[in-house]
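Contents: one structure, followed by commentary.
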């Protein structure tokens, strides 16, 4: 039931109205795999530079994450610098240094090739497809992307999407990819591109998932303190795919529960900078917040 | 179980990306009472000018709305002109003509005075308080307001809020009234001002309700066509208070159902200009959409 994730491992420098950190551990594959590791085994594929410290590597290993696919390349680790205002829904990128990521060609270790669940984090859609060509038929392929690829590599992205079961992107990206302002219509356009499900991340408003015959919406857990939204989307995906992989059950009912587990994991991540909150989390807290999510959105049916 | 509503009856001129209408029937009390009339009896208090046609009056009467409190004053009916872009969450006001509303002093007809449910639509908080002084102790008082009064008549508004059970406002207004960017903390501030519940309207993202010991969130019904959002908030309030009044049950479980009925009513209103969709609506359609809302947000609990 292991998951293969390909994405970034990075150093983030972040400023929010509540604080500031320099060069803390970040990256899509880092957030994803840490979140997923609460549910199942994770095989990570990414690249870091020679400056990546053993301490971070050890943290991931301690969470049971397989780092056979974490390559160390000559040069420096990927760096991202961003700022958030009081509207925590929007990140303002101040600086991006691709460094070792610039020439990254993913190589999937032999023992990863039969991973049953695959998550293609937000990287060049050509690399995403390259990964799919290296793995045996997985049970489920999920994928993220961003405005940069939708604009700049649309054809490659559409090609990758033909092989994807679940696309996990934010609301603006849905409208941009579908070229349609109405979300429900845009979802239909995207489902015709290949994915069987579209999971739309709406930040503090939660998640809405479109499949051929159903729509599921869940609010976000309303937090008293949103400290830093960085990594929320990848953490969501980690909880979502992690729960699906751990239960090996792709029924609609189970996918809905997985969406809620993803939302729960994201709600913890944003309580601190970097992976600080996830590092201190235990499964009982996850279960307790899932139950709070049920109370939050539950109402009686009518006859 | 009748409801008293005080608010505006207006002519709206509206432009959206999907069409344009001139001087159609609008106003907060109109939307509210039409929506509520699907559930219970409504007593309307408002003012119109001599230009207000019998046809509109007849439509309201046909829905069982009592117009004893609809005063006709010398002059012209209140007019609002607005425009929406593709972001239908935000109205751009082009013109407001208060006309007869400028000198409006609400007089509550004797047979309205024992109304058990009161909705104070978005008008001057001094007039809202004036209405409360004219009615016998109602079972529930709900209230709307807007940025204009939060800025310009804060003290009067805070005075009115002391008497209000449920405040129904949008998200930006919550943050502005509480002077606190975090919604959950802002809700606590507002609950300390008097209201026992705060219902936060979030447009296409649905509704979140805060009470002393519970939070309830529901997504909006995802529509393929949002034609004109005008009146959505007042229609929500009409369905919400209408259902509560018709069931005479103020338990948490019933209030949650009322929020969903309010959301359902709002989802119909935005499908057409003016009250066009509500005029053609029947109760079976309301029930069917309530059931769709249940399917939309339902997920299994964990043990």
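Residue numbers (the numbering used here), protein chains in the order written: chain A, 1262 to 1564; chain B, 1262 to 1564. C-beta atoms are modelled at their ideal positions from N, C-alpha and C, and glycine is treated no differently. Predicted model only: the values in this text are computed from it and were never measured.
With a 10 Å radius around its C-beta and 16 neighbouring C-beta atoms as the bar for buried, classify residue 1443 of chain B as buried or exposed. As a working mapping, residue 1443 of chain B is identified with position 182 in the second chain. That one is buried.
Alpha-carbon to alpha-carbon, residue 1504 of chain B and residue 1312 of chain B: In the second chain, counting from the first residue as 1, residue 1312 of chain B sits at position 51. In the second chain, counting from the first residue as 1, residue 1504 of chain B sits at position 243. Distance between the alpha carbons of residue 1312 of chain B and residue 1504 of chain B is about 33 Å.
Does the Cβ of residue 1563 of chain A have 16 or more other Cβ atoms within 10 Å, making it buried, or fewer, making it exposed? Taking the first chain and counting its residues from 1, one reaches residue 1563 of chain A at position 302. Residue 1563 of chain A comes out exposed.
Express the C-alpha separation of residue 1559 of chain B and residue 1527 of chain B in angstroms, rounding to a whole number. Here residue 1527 of chain B is taken as the residue at index 266 of the second chain, counted from 1. Here residue 1559 of chain B is taken as the residue at index 298 of the second chain, counted from 1. If I take the Cα positions, the gap works out to 20 Å.
If residue 1439 of chain B sits next to residue 1425 of chain B, beta carbons under 8 Å apart, how far is it from one beta carbon to the other, in whole angstroms? The residue labelled residue 1439 of chain B in the question sits at position 178 within the second chain. The residue labelled residue 1425 of chain B in the question sits at position 164 within the second chain. Between residue 1425 of chain B and residue 1439 of chain B the Cβ distance is about 15 Å, and since that is not below 8 Å, they are no contact.
Within 10 angstroms of the Cβ of residue 1322 of chain B, are there 16 or more other Cβ atoms? Answer buried if so, exposed if not. Indexing the second chain from 1 puts residue 1322 of chain B at position 61. Exposed.
Count Cβ pairs between the segment 1407-1415 of chain A and the segment 1426-1436 of chain A that sit closer than 8 Å; are there 3 or more? Short answer: they touch.
Sufficient close CB pairs (3 or more, under 8 Å) joining the segment 1281-1300 of chain B to the segment 1504-1516 of chain B: In short, these stretches touch, since the Cβ pair count reaches three.
Within the present structure, is the beta-carbon of residue 1535 of chain A separated from the nearest heavy atom of the ligand MN by less than 7 Å? What this structure holds is no ligand at all, so the ligand MN is not there to describe.
Taking the continuous alpha helix (DSSP H) assigned at residue 1276 of chain B, which residues delimit it? For the purposes of this step, residue 1276 of chain B is identified with residue 15 of the second chain, where counting begins at 1. Where residue 1276 of chain B is concerned, there is no enclosing alpha helix (DSSP H), although the beta strand (DSSP E) it sits in stretches over 1271-1277.
Does the beta carbon of residue 1548 of chain A come closer than 8 Å to any beta carbon on chain B? To locate residue 1548 of chain A, count along the first chain from 1; it is residue 287. Yes - at least one Cβ of chain B is within 8 Å of the one on residue 1548 of chain A.
Cα-Cα, which of B:1531, B:1502, B:1561, B:1536 is closest to residue 1264 of chain B? Residue mapping note: residue 1264 of chain B aligns to position 3 of the second chain, counting from 1. Minimum Cα distance to residue 1264 of chain B is reached at B:1502.
Beta-carbon separation (whole angstroms), residue 1514 of chain A vs residue 1561 of chain B, contact threshold 8 Å: Numbered from its first residue, the first chain carries residue 1514 of chain A at position 253. Numbered from its first residue, the second chain carries residue 1561 of chain B at position 300. Yes, residue 1514 of chain A and residue 1561 of chain B are in contact; Cβ-Cβ is about 6 Å, under 8 Å.
Between residue 1355 of chain A and residue 1344 of chain A, is the Cβ-Cβ spacing less than 8 Å? On the first chain, residue 1355 of chain A is found 94 positions in, with the first residue counted as 1. On the first chain, residue 1344 of chain A is found 83 positions in, with the first residue counted as 1. Taking 8 Å as the Cβ cut-off, residue 1355 of chain A and residue 1344 of chain A qualify as a contacting pair.
Using Cβ-Cβ distances below 8 Å, what residues of the segment 1465-1479 of chain B are close to chain A? 1465, 1466, 1467, 1469, 1475, 1476, 1477, 1478, 1479
Just to confirm, are residue 1269 of chain A and residue 1384 of chain A a CB contact at a threshold of 8 Å? As a first step, residue 1269 of chain A is located in the first chain; it is residue number 8 there, counting from the start. As a first step, residue 1384 of chain A is located in the first chain; it is residue number 123 there, counting from the start. Taking 8 Å as the Cβ cut-off, residue 1269 of chain A and residue 1384 of chain A qualify as a contacting pair.
Meets three-Cβ-pair contact criterion under 8 Å: the segment 1480-1498 of chain A and the segment 1276-1296 of chain A: Inter-segment contact for the segment 1480-1498 of chain A and the segment 1276-1296 of chain A is present: three or more beta-carbon pairs are separated by less than 8 Å.
Below 8 Å between beta carbons is the criterion; list the residues of the segment 1437-1465 of chain B that meet it against any residue of chain A, in chain order. 1442, 1443, 1444, 1445, 1446, 1463, 1465
Starting from residue 1340 of chain B and walking both ways along the beta strand (DSSP E), at which residues does that stretch end? In the second chain, residue 1340 of chain B corresponds to position 79, counting from 1. Element bounds for residue 1340 of chain B: 1339-1345.
Leaving out five residues on either side along the sequence, give the residues of the same chain with a beta carbon under 8 Å from the beta carbon of residue 1416 of chain B. Numbered from its first residue, the second chain carries residue 1416 of chain B at position 155. No residues qualify anywhere along the chain.
C-beta contact flag for residue 1479 of chain A and residue 1530 of chain A at 8 Å: Start at 1 with the first residue of the first chain, and residue 1479 of chain A comes out as number 218. Start at 1 with the first residue of the first chain, and residue 1530 of chain A comes out as number 269. Not in contact: residue 1479 of chain A and residue 1530 of chain A (Cβ atoms no closer than 8 Å).
Under 8 Å between C-beta atoms of residue 1271 of chain A and residue 1339 of chain A: As a first step, residue 1271 of chain A must be located in the first chain, where it is residue number 10. As a first step, residue 1339 of chain A must be located in the first chain, where it is residue number 78. Less than 8 Å divides the Cβ of residue 1271 of chain A from the Cβ of residue 1339 of chain A.
What span of residues does the beta strand (DSSP E) with residue 1541 of chain A cover, start to end? Position 280 of the first chain holds residue 1541 of chain A. Element bounds for residue 1541 of chain A: n/a, residue is neither H nor E.
CB contact check: residue 1423 of chain A to chain B, cutoff 8 Å: Within the first chain, numbered from 1, the residue matching residue 1423 of chain A stands at position 162. With 8 Å as the cut-off, residue 1423 of chain A does not count as an interface residue toward chain B.
So the beta strand (DSSP E) residue 1317 of chain A belongs to, where does it begin and stop? The residue you call residue 1317 of chain A lines up with position 56 of the first chain. Residue 1317 of chain A -> not in any beta strand (DSSP E); alpha helix (DSSP H) instead, spanning 1315-1323.
Can you tell me whether residue 1537 of chain B is helix, strand or coil according to DSSP? For the purposes of this step, residue 1537 of chain B is taken as the residue at position 276 of the second chain. The answer is helix: DSSP assigns residue 1537 of chain B an H, G or I state.
Short check: CB of residue 1386 of chain B to CB of residue 1418 of chain B, under 8 Å? Locating residue 1386 of chain B in the second chain gives position 125, where the first residue counts as 1. Locating residue 1418 of chain B in the second chain gives position 157, where the first residue counts as 1. Their beta carbons are under 8 Å apart, which means residue 1386 of chain B touches residue 1418 of chain B by this criterion.
Using the beta-carbon of each residue, which ones in chain A are nearer than 7 Å to residue 1484 of chain B? Working through the second chain from its first residue, we reach residue 1484 of chain B at position 223. 1445, listed in chain order.
Kindly indicate if chain A contains any beta-carbon less than 8 Å away from that of residue 1568 of chain B. In the structure displayed, chain B extends from 1262 to 1564; residue 1568 of chain B sits before or after that span and is not available.
Please check the pair residue 1498 of chain A and residue 1523 of chain A, which I expect to be a contact at CB under 8 Å, by giving their CB distance rounded to whole angstroms. On the first chain, residue 1498 of chain A is found 237 positions in, with the first residue counted as 1. On the first chain, residue 1523 of chain A is found 262 positions in, with the first residue counted as 1. Going by Cβ atoms, the distance from residue 1498 of chain A to residue 1523 of chain A rounds to 7 Å, so yes, they are a contact pair.
Going by DSSP, what residue range makes up the alpha helix (DSSP H) through residue 1373 of chain B? Residue numbering aside, residue 1373 of chain B sits at position 112 when the second chain is read from its first letter. No alpha helix (DSSP H) holds residue 1373 of chain B; DSSP gives it neither H nor E.
Residue 1264 of chain B (DSSP reduced to helix, strand or coil): As a first step, residue 1264 of chain B must be located in the second chain, where it is residue number 3. Looking at residue 1264 of chain B - three-state DSSP - the assignment turns out to be strand.
So, with DSSP's three-state summary, where would you put residue 1451 of chain B? As a working mapping, residue 1451 of chain B is identified with position 190 in the second chain. Residue 1451 of chain B: helix per DSSP, three-state reduction.
Would you grab the beta carbon distance between residue 1267 of chain A and residue 1367 of chain A for me? Rounded to a whole angstrom, and I think it's under 8 Å. Taking the first residue of the first chain as 1, we reach residue 1267 of chain A at position 6. Taking the first residue of the first chain as 1, we reach residue 1367 of chain A at position 106. Yes, residue 1267 of chain A and residue 1367 of chain A are in contact; Cβ-Cβ is about 5 Å, under 8 Å.
Within 10 angstroms of the Cβ of residue 1389 of chain B, are there 16 or more other Cβ atoms? Answer buried if so, exposed if not. Stepping through the second chain from its first residue, residue 1389 of chain B is reached at position 128. By the neighbour-count rule (16 or more Cβ atoms within 10 Å), residue 1389 of chain B is buried.
Excluding the five sequence neighbours on either side, which residues of its own chain have a C-beta within less than 6 Å of the C-beta of residue 1341 of chain A, listed in chain order? Along the first chain, read from residue 1 onward, the residue named residue 1341 of chain A stands at position 80. Around residue 1341 of chain A: 1271, 1273, 1357.
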